[in-house]
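Undergrad: To start, I am sharing the structure in question, which I have written as structure tokens.
Protein chains: 2
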Amino acid sequence: MIKIPNLSLALKTQIETNSALVEIAAETEILREGQYIKVIPLVIEGLVKVFTKHEDKELLLYYIQPSESCVMSFTASLKNEPSKVFAITEENSKILLLPVDKVSHWIEEFPDLNNLFFQQYNLRYSDLLETINQLLFDKLDKRLMDYLKEKVKVTKKNPLKISHRQIANELGTAREVISRVMKKLEQESKVKQFSNSVEIL
Amino acid sequence: MIKIPNLSLALKTQIETNSALVEIAAETEILREGQYIKVIPLVIEGLVKVFTKHEDKELLLYYIQPSESCVMSFTASLKNEPSKVFAITEENSKILLLPVDKVSHWIEEFPDLNNLFFQQYNLRYSDLLETINQLLFDKLDKRLMDYLKEKVKVTKKNPLKISHRQIANELGTAREVISRVMKKLEQESKVKQFSNSVEIL
DNA sequence: TGTAAGTGGTGACCAAGGTCACTGTTTTGG
DNA sequence: CCAAAACAGTGACCTTGGTCACCACTTACA
Chain F
1 MIKIPNLSLA
11 LKTQIETNSA
21 LVEIAAETEI
31 LREGQYIKVI
41 PLVIEGLVKV
51 FTKHEDKELL
61 LYYIQPSESC
71 VMSFTASLKN
81 EPSKVFAITE
91 ENSKILLLPV
101 DKVSHWIEEF
111 PDLNNLFFQQ
121 YNLRYSDLLE
131 TINQLLFDKL
141 DKRLMDYLKE
151 KVKVTKKNPL
161 KISHRQIANE
171 LGTAREVISR
181 VMKKLEQESK
191 VKQFSNSVEI
201 L
Chain U
1 MIKIPNLSLA
11 LKTQIETNSA
21 LVEIAAETEI
31 LREGQYIKVI
41 PLVIEGLVKV
51 FTKHEDKELL
61 LYYIQPSESC
71 VMSFTASLKN
81 EPSKVFAITE
91 ENSKILLLPV
101 DKVSHWIEEF
111 PDLNNLFFQQ
121 YNLRYSDLLE
131 TINQLLFDKL
141 DKRLMDYLKE
151 KVKVTKKNPL
161 KISHRQIANE
171 LGTAREVISR
181 VMKKLEQESK
191 VKQFSNSVEI
201 L
């Protein structure tokens, strides 16, 4: 039985018998801007990254962690609108795919599912607002540190195996810039770099 | 009887008999960061501006227009969390104040209200994402033009009576910068300036 | 095992926008 | 009607971060 906090047994049974559980390899694109979809993902295991992108420049928006869903898919499928964001698996993941037509009924029938989606919306509202505040108020050194801390927390790995290029992509900037700021942070003893990996101190 | 699209008569009656309709003068602060609240506003008439702020620097996030509500208030009051944003009336406004304890019941009882809040969350998600995209991908001249067009649409006034200082505040920048960019836009015949007002061409 | 691809480091330079200082004009309230 | 406050214009300068051109090192895999 799938473990998702705060869902009733009746609902979990419904979900299990009506949804597909798929395993998706790391680094697989699962949603792109403009795409129409008919399925709502519920992450069981692994990690999904959601980001915005425009002509080679992109920005990490938030992660979808186990027990979480994707509100973009929720509205995109219920209202038949195209997605405004991209999503990609960052780790090998197990994801439940809930069929839209079922979900629209379940929402009325099961207050706990209704609740879950309200919680998800609220969470993403906070995530996006946080992103705005960082873009607007913080310099790159702070943004980089916050990014690294968040990444350590979410992947539960320290040191992180990650390239300067990927960091740059996720922060919407250039590799050289990360190189520069990273060096500064290392001199300030806030991080330590090995080959291809970064440890937060 | 209050006119709000897509709400059942039964619900509207409930709302009318259990909520206070208040008139709030323009430029009145109605919500600040860190504040706890026990009431959910539904704008009937007028216009409410929602923004983020940090040490004198602020940024317009979105407007709450008639028939719309405030999802920040929704979660802040239902989950007893402090607000993360500021809100201020931009015009004289009539606002229905729904008591939280009632709303939590109405949401289960009336699918149309449940629906309204999902729509509002979706709308704000889009608003915040749009804000992020503009901050990240657009230069100030484009951001300024978009801001002015939006303002004209939302206030239904062209020319707009507005100072460079206020524009600067809402875009998170400085007055001198707006002065500069405004001059450029005027030379490109995209706007026309009179004393204390701006017309979009 | 050698070569191509990916990665990181660095200096020089550029562009956008933020800051400062100061001026003149317009608006407003007593 | 006049003084104070708010507003707008502008040149000089600074800071941040983006761009470019390289070079050197590591890693993967053919």
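Which chain is which? The protein sequence lines are F and U, in order. Every letter in the first sequence is one number past the one before it in the UniProt record's numbering, and letter 34, counting from 1, is 34. Every letter in the second sequence is one number past the one before it in the UniProt record's numbering, and letter 171, counting from 1, is 171. Glycine included, every Cβ here is placed at the ideal spot set by N, Cα and C. Remember, predicted model here, so these are calculated numbers, not experimental data.
#1: Does DSSP put U/GLN187 in a helix, in a strand, or in coil?
#2: Shorter than 9 Å from the beta carbon of F/SER73 to some beta carbon of chain U?
#3: Quick check on the DSSP output: what are the complete beta strand (DSSP E) runs of length 3 or more inside the segment 22-59 of chain F, in order along the chain?
#4: Run through chain F and tell me which residues come within less than 7 Å of U/PHE137, C-beta to C-beta.
#5: Which value, in whole angstroms, describes the spacing of the CA atoms of F/THR173 and F/PRO5?
#6: Which residues, in chain order, does the segment 117-133 of chain F contribute to contact with chain U at a C-beta distance below 8 Å?
#7: If you run the structure through DSSP and keep just helix, strand and coil, what is U/LYS94?
#8: Does chain F have any CB closer than 9 Å to the CB of U/LEU34?
#9: Report yes or no: is there a C-beta of chain U within less than 9 Å of the C-beta of F/VAL85?
#10: Using the beta-carbon of each residue, which ones in chain F are nearer than 7 Å to U/GLY172?
#11: Give the C-beta separation of F/VAL85 and F/VAL50 to the nearest angstrom, bearing in mind that I take them to be a contact with Cβ-Cβ under 8 Å.
#12: Shorter than 9 Å from the beta carbon of U/LEU7 to some beta carbon of chain F?
#13: Are the CB atoms of F/GLY46 and F/GLU81 nearer to each other than 9 Å?
#14: Which full runs of the alpha helix (DSSP H) of 4+ residues lie inside the UniProt domain "HTH crp-type" (138-201) of chain F, going along the chain?
#15: Starting from the beta carbon of U/HIS45, find every residue of chain F whose beta carbon is closer than 9 Å, and list them in chain order.
#16: Are the C-beta of F/PRO111 and some C-beta of chain U separated by less than 9 Å?
#17: Taking F/ILE30 and F/THR89 to be in contact with their CB atoms under 8 Å, please state how far apart those CB atoms are, rounded to whole angstroms.
#18: Alpha carbon to alpha carbon, how far is F/THR155 from U/LEU128? Give it in angstroms, no decimals.
#19: What are the residues that DSSP puts in a beta bridge with U/TYR63?
#20: Can a CB atom of chain U be found closer than 9 Å to the CB of F/GLU91?
#21: Could you tell me whether the Cβ of U/GLU108 comes closer than 9 Å to any Cβ of chain F?
#22: Reducing DSSP to helix, strand and coil, say where F/SER126 ends up.
#23: By the 10 Å Cβ neighbour count, where 16 or more other Cβ atoms means buried, how is F/HIS164 classified, buried or exposed?
#24: Taking Cβ-Cβ distances shorter than 7 Å, what residues in chain U pair up with F/ASN80?
#25: Suppose the cutoff is 6 Å on Cβ atoms and the five residues either side in sequence are ignored; what does the same chain contact list for U/GLN120 look like?
#26: Tell me which same chain residues have a C-beta within less than 8 Å of the C-beta of F/ALA20, skipping the five on either side of it?
#27: Name the one or two DSSP bridge partners that F/ALA20 has.
#28: Mind reading off the beta-carbon distance from U/SER73 to U/ILE44? Whole number of angstroms is fine, and I expect it under 8 Å.
#29: According to a CB-to-CB cut-off of less than 8 Å, which residues of the UniProt domain "HTH crp-type" (138-201) of chain F neighbour chain U?
#30: So which residues on chain U does F/ASN114 lean against when the C-beta distance must stay under 7 Å?
#31: I need the straight-line Cα distance from F/LEU118 to F/GLU130, nearest angstrom please.
#32: Can you check which of these residues, U/VAL177, U/SER189, U/TYR63, is closest to U/LYS139 by C-alpha distance?
#33: Put F/PHE110 into one of helix, strand or coil per three-state DSSP.
#34: So, with DSSP's three-state summary, where would you put U/SER8?
#35: Looking only at DSSP bridge pairs, what is F/ILE88 linked to?
TA: In terms of the structure at hand:
#1: Here residue 187 of chain U refers to the residue found at position 187 of the second sequence. The three-state reading of DSSP puts U/GLN187 in helix, counting H, G and I together.
#2: Position 73 of the first sequence, counted from the first residue, corresponds to residue 73 of chain F. Taking Cβ atoms only, chain U never reaches closer than 9 Å to F/SER73, which makes this a no.
#3: List check, beta strand (DSSP E) in window: 29-31, 39-45, 48-54.
#4: Within the second sequence, residue 137 of chain U is the residue found at index 137, counting from 1. Under the 7 Å cutoff, chain F gives HIS54, LYS57.
#5: Here residue 173 of chain F refers to the residue found at position 173 when the first sequence is read from its first residue. Here residue 5 of chain F refers to the residue found at position 5 when the first sequence is read from its first residue. Annotation: F/THR173 to F/PRO5 spans about 37 Å, alpha carbon to alpha carbon.
#6: Listed in sequence order: PHE117, PHE118, TYR121, ASN122, ARG124, TYR125, SER126, LEU128, LEU129, THR131, ILE132, ASN133.
#7: Your numbering for residue 94 of chain U matches position 94 in the second sequence. Secondary structure at U/LYS94: strand, using DSSP grouped into helix, strand and coil.
#8: Numbered from 1 along the second sequence, position 34 holds the residue referred to as residue 34 of chain U. Before going on, a small fix: residue 34 of chain U reads as Gly here, not Leu. No, U/GLY34 does not count as interfacial toward chain F.
#9: Reading the first sequence from its first residue, position 85 is the one you call residue 85 of chain F. At a cut-off of 9 Å, the C-beta of F/VAL85 has a neighbouring C-beta in chain U.
#10: Here residue 172 of chain U is taken as the residue at index 172 of the second sequence, counted from 1. The answer, in chain order, is LEU136.
#11: Taking the first residue of the first sequence as position 1, residue 85 of chain F is located at position 85. Taking the first residue of the first sequence as position 1, residue 50 of chain F is located at position 50. The Cβ separation is near 5 Å, so the contact holds.
#12: The sequence position of residue 7 of chain U within the second sequence is 7, counting from 1. No, U/LEU7 lies away from the interface with chain F (no Cβ there is under 9 Å from its Cβ).
#13: Translated into positions along the first sequence, residue 46 of chain F becomes position 46. Translated into positions along the first sequence, residue 81 of chain F becomes position 81. No.
#14: Taking only runs of at least 4 residues, the alpha helix (DSSP H) segments lying wholly in the UniProt domain "HTH crp-type" (138-201) of chain F are 140-155, 164-171, 175-187.
#15: Position 45 of the second sequence, counted from the start, is the residue given in the question as residue 45 of chain U. Looking at the sequence shown, residue 45 of chain U is not His but Glu. Listed along chain F, no residue sits closer than 9 Å to U/GLU45 by beta-carbon distance, the nearest being about 25 Å off.
#16: Within the first sequence, the letter at position 111 stands for residue 111 of chain F. So yes, F/PRO111 belongs to the interface.
#17: To locate residue 30 of chain F, count along the first sequence from 1; it is residue 30. To locate residue 89 of chain F, count along the first sequence from 1; it is residue 89. Correct: roughly 6 Å between the Cβ atoms.
#18: Numbered from its first residue, the second sequence carries residue 128 of chain U at position 128. Numbered from its first residue, the first sequence carries residue 155 of chain F at position 155. Distance between the alpha carbons of U/LEU128 and F/THR155 is about 26 Å.
#19: The sequence position of residue 63 of chain U within the second sequence is 63, counting from 1. According to DSSP, residue pairing for U/TYR63 in a beta bridge involves U/LYS49.
#20: The residue given as residue 91 of chain F occupies position 91 in the first sequence. F/GLU91 does not count as touching chain U.
#21: Your numbering for residue 108 of chain U matches position 108 in the second sequence. Closer than 9 Å to some Cβ of chain F, the Cβ of U/GLU108 qualifies, so yes.
#22: Your numbering for residue 126 of chain F matches position 126 in the first sequence. Three-state DSSP puts F/SER126 in a helix.
#23: The residue given as residue 164 of chain F occupies position 164 in the first sequence. By the neighbour-count rule (16 or more Cβ atoms within 10 Å), F/HIS164 is buried.
#24: As a first step, residue 80 of chain F is located in the first sequence; it is residue number 80 there, counting from the start. Within 7 Å Cβ-Cβ: nothing; F/ASN80 doesn't reach chain U, min ~13 Å.
#25: Within the second sequence, numbered from 1, the residue matching residue 120 of chain U stands at position 120. These residues qualify, in order along the chain: SER69, VAL71.
#26: Your numbering for residue 20 of chain F matches position 20 in the first sequence. Within the same chain, F/ALA20 has close Cβ partners LEU96, LEU97.
#27: Your numbering for residue 20 of chain F matches position 20 in the first sequence. According to DSSP, F/ALA20 bridges with F/LEU97.
#28: Counting from 1 along the second sequence, the entry for residue 73 of chain U is found at position 73. Counting from 1 along the second sequence, the entry for residue 44 of chain U is found at position 44. No, U/SER73 and U/ILE44 are not in contact; Cβ-Cβ is about 15 Å, not under 8 Å.
#29: So the list reads GLY172, given in the order they occur along the chain.
#30: Within the first sequence, residue 114 of chain F is the residue found at index 114, counting from 1. Ordered by position in chain U, the residues that pass the 7 Å Cβ test against F/ASN114 are ASN114.
#31: Counting from 1 along the first sequence, the entry for residue 118 of chain F is found at position 118. Counting from 1 along the first sequence, the entry for residue 130 of chain F is found at position 130. Reading off the sequence, residue 118 of chain F comes out as Phe, not Leu. Computed Cα separation, rounded: 18 Å.
#32: As a working mapping, residue 139 of chain U is identified with position 139 in the second sequence. If we check each option's Cα against that of U/LYS139, U/VAL177 comes out closest.
#33: One-based indexing of the first sequence puts residue 110 of chain F at position 110. Looking at F/PHE110 - three-state DSSP - the assignment turns out to be coil, as it is neither helix nor strand.
#34: Mapped onto the second sequence, residue 8 of chain U falls at position 8. Here U/SER8 sits in coil by DSSP.
#35: If you number the first sequence from 1, residue 88 of chain F lands on position 88. DSSP lists F/GLU29, F/LYS49 as partners of F/ILE88.
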